[in-house]
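According to the working numbering, the sequence shown holds residues 30 to 432 in order.
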Amino acid sequence: MNIAIIGGGAAGYFLAVALKELNKSHSVTIYESGSKPLRKVKVSGGGRCNISNTFNDVRDLKDVYPRGHKLLKRLFKSFSPEDAQQWWREHGVDLVAQDDECIFPVSQNSQTVIDTLVINAKRLGVTTVFDTKIESIVELRKEYDAVVLTIGGISRTSSLYTELQSLGHEMQEPLPSLFTFMIEDESLRSLTGLVVEPVEMKIPSTKFRSSGALLLTHWGVSGPATLKLSSHAALFLAENNYNSQISINWLNCSQNEVELQLSAFIKQNPKKEIKSCPFPQLQNRLWQHLLSRSLSISFLETDKKTSLRYLDLSKKHLNRLIEILTNDIYQVTGRYKHKDEFVTCGGVSLSSVNNNTLESKLLPGLFFAGEVLDIDGVTGGFNFQACWTTAMTVARSLTHASA
Numbered sequence: 030m031n032i033a034i035i036g037g038g039a040a041g042y043f044l045a046v047a048l049k050e051l052n053k054s055h056s057v058t059i060y061e062s063g064s065k066p067l068r069k070v071k072v073s074g075g076g077r078c079n080i081s082n083t084f085n086d087v088r089d090l091k092d093v094y095p096r097g098h099k100l101l102k103r104l105f106k107s108f109s110p111e112d113a114q115q116w117w118r119e120h121g122v123d124l125v126a127q128d129d130e131c132i133f134p135v136s137q138n139s140q141t142v143i144d145t146l147v148i149n150a151k152r153l154g155v156t157t158v159f160d161t162k163i164e165s166i167v168e169l170r171k172e173y174d175a176v177v178l179t180i181g182g183i184s185r186t187s188s189l190y191t192e193l194q195s196l197g198h199e200m201q202e203p204l205p206s207l208f209t210f211m212i213e214d215e216s217l218r219s220l221t222g223l224v225v226e227p228v229e230m231k232i233p234s235t236k237f238r239s240s241g242a243l244l245l246t247h248w249g250v251s252g253p254a255t256l257k258l259s260s261h262a263a264l265f266l267a268e269n270n271y272n273s274q275i276s277i278n279w280l281n282c283s284q285n286e287v288e289l290q291l292s293a294f295i296k297q298n299p300k301k302e303i304k305s306c307p308f309p310q311l312q313n314r315l316w317q318h319l320l321s322r323s324l325s326i327s328f329l330e331t332d333k334k335t336s337l338r339y340l341d342l343s344k345k346h347l348n349r350l351i352e353i354l355t356n357d358i359y360q361v362t363g364r365y366k367h368k369d370e371f372v373t374c375g376g377v378s379l380s381s382v383n384n385n386t387l388e389s390k391l392l393p394g395l396f397f398a399g400e401v402l403d404i405d406g407v408t409g410g411f412n413f414q415a416c417w418t419t420a421m422t423v424a425r426s427l428t429h430a431s432a
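Here you go:
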């Protein structure tokens, strides 16, 4: 079978290698618009490449795949995260699982993943054509038995997006899925560099929430908790022009739990000054910030020029402090754009593809793998895992069809 792959990224190269290993007689050509392969893999995971996840902490796939979880549940039965890890090990990539269940190459270098894919593709006889932008799937289809689209996040302005629509494919608008929040609060921004873990974040009056580490930055907030929330709320935030309130629970505990903890802490430290004795789990800089939001500075400073003690707090002030610790509200004014932001939601609707083969229902011989499909995950190796699984699904589908 003569097969063309449009896109020399993670899904494209993995698919090419899998195709040739399943059937050496396949003729496989990758068309890449850039001059280098696997550019996004190079910068992924801070240059370390978070290749997958153990899924040990995943109770429901919808928690880590806001879009596409039902399809992946089906496809994982044929090529699971464990199968993907075994595939990489068999190809010479030793893996290590971190405490947060994220899986990286032991080398801690994304180049290991790139070299493995490129070297194996070359060894197996895959042809790669660089600096070539494919403008029409239909025209390319005339030259090949099958075409697979693996271009990653597809732009609405691209000719391929327009062509897919004209062929009758339902397209979900491509939108940023993993991004950080801009917050115009100077007091919060002054805490740049602090990491608070774990926190719970949510968007008030919605079901969108997340938990994990929170990184305070010079533009607002980042870190896993922020990225997870942005992923689940991607469509909602886009519809609201990335302006929304967020609530931060700094202790990731219920108000009742915090009230009990705070009461016990006060009983142990009744005469200690509030400003100089932070609540456990909170860094001093963050504690000062939260105090300024819950209790005024003039209230904290007494006439004797000494800070207020815990025993001096009234029930009203305690309630206000508990509210800030568990439901601290900030206004998001936009998403922070930076070069490492490249995960999108949207793309080819799953209603337009065969769920078993990932072949187009509108154009026979056209298949899809990777991020071009309306599948995306939260941070933690889940997006790469979707690439490996969808690519292997297509490889097996084409191999079966050619048998």
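Even glycine gets a Cβ: it sits at the ideal position worked out from N, Cα and C.
Please report how far the alpha carbon of residue i lies from the alpha carbon of residue j, in whole angstroms.
i, j, result
"residue 60", "residue 271", "35 angstroms"
"residue 281", "residue 227", "6 angstroms"
"residue 333", "residue 299", "Unreliable placement is indicated for residue 333, whose pLDDT of 49 sits below 50; the coordinate value is still reported in the next sentence. Roughly 18 angstroms separates the two Cα atoms."
"residue 353", "residue 266", "24 angstroms"
"residue 372", "residue 63", "18 angstroms"
"residue 387", "residue 148", "27 angstroms"
"residue 343", "residue 217", "26 angstroms"
"residue 303", "residue 255", "30 angstroms"
"residue 359", "residue 260", "19 angstroms"
"residue 66", "residue 310", "45 angstroms"
"residue 273", "residue 233", "9 angstroms"
"residue 155", "residue 287", "59 angstroms"
"residue 426", "residue 76", "32 angstroms"
"residue 41", "residue 355", "45 angstroms"
"residue 292", "residue 409", "37 angstroms"
"residue 428", "residue 196", "25 angstroms"
"residue 331", "residue 269", "At residue 331 the pLDDT is 48, less than 50, meaning the model places this residue with poor confidence and gives no usable figure here."
"residue 105", "residue 179", "19 angstroms"
"residue 308", "residue 47", "54 angstroms"
"residue 212", "residue 316", "19 angstroms"
"residue 431", "residue 163", "25 angstroms"
"residue 313", "residue 136", "36 angstroms"
What is the residue span of the beta strand (DSSP E) that residue i lies within?
i, result
"residue 362", "357-365"
"residue 249", "249-251"
"residue 278", "273-278"
"residue 302", "It is not in any beta strand (DSSP E) - residue 302 carries neither H nor E in the DSSP assignment."
"residue 377", "373-377"
"residue 201", "200-205"
"residue 245", "238-245"
"residue 215", "That residue, residue 215, is in no beta strand (DSSP E); its alpha helix (DSSP H) goes 215-218."
Considering only DSSP beta bridges, list what residue i is partnered with.
i, result
"residue 175", "32"
"residue 134", "124"
"residue 192", "DSSP lists no partner for residue 192."
"residue 140", "Paired residue(s): none; residue 140 is not in a bridge."
"residue 397", "178"
"residue 212", "361"
For the alpha helix (DSSP H) that contains residue i, what are its first and last residues?
i, result
"residue 478", "Here the chain covers residues 30 to 432 and nothing more, so residue 478 does not appear."
"residue 419", "411-431"
"residue 265", "263-268"
"residue 45", "39-51"
"residue 69", "68-72"
"residue 285", "284-297"
"residue 444", "Given that the chain is displayed from residue 30 to residue 432, the structure contains no residue 444 and the question cannot be resolved."
"residue 61", "Neither: residue 61 is in no alpha helix (DSSP H) and is coded neither H nor E."
"residue 231", "Not the alpha helix (DSSP H): residue 231 falls in the beta strand (DSSP E), residues 224-231."
"residue 319", "313-323"
Would you check if the distance between the CB atom of residue i and the CB atom of residue j is smaller than 9 angstroms?
i, j, result
"residue 101", "residue 114", "no"
"residue 56", "residue 201", "no"
"residue 95", "residue 240", "no"
"residue 182", "residue 375", "yes"
"residue 34", "residue 142", "no"
"residue 406", "residue 93", "yes"
"residue 398", "residue 51", "no"
"residue 82", "residue 119", "no"
"residue 89", "residue 421", "no"
"residue 394", "residue 175", "yes"
"residue 366", "residue 208", "yes"
"residue 277", "residue 324", "no"
"residue 140", "residue 133", "no"
Can you tell me which of the options puts its alpha carbon nearest to the alpha carbon of residue i?
i, options, result
"residue 364", "258, 287 and 34", "258"
"residue 138", "112, 159, 79 and 150", "79"
"residue 413", "273, 391, 73 and 315", "73"
"residue 305", "284, 277, 144 and 337", "337"
"residue 418", "117, 283 and 208", "117"
"residue 251", "237, 111 and 220", "220"
"residue 349", "362, 284, 384 and 83", "284"
"residue 168", "188, 151 and 152", "188"
"residue 362", "235, 58 and 210", "210"
"residue 159", "58, 321 and 276", "58"
"residue 198", "401, 424, 416 and 415", "401"
"residue 186", "32, 173 and 203", "203"
"residue 231", "224, 263 and 222", "263"
I want to see whether chain B comes within less than 9 angstroms of residue i, judged by CB atoms only; does it?
i, result
"residue 391", "Although the question refers to chain B, the structure presented lacks it and comprises just one protein chain."
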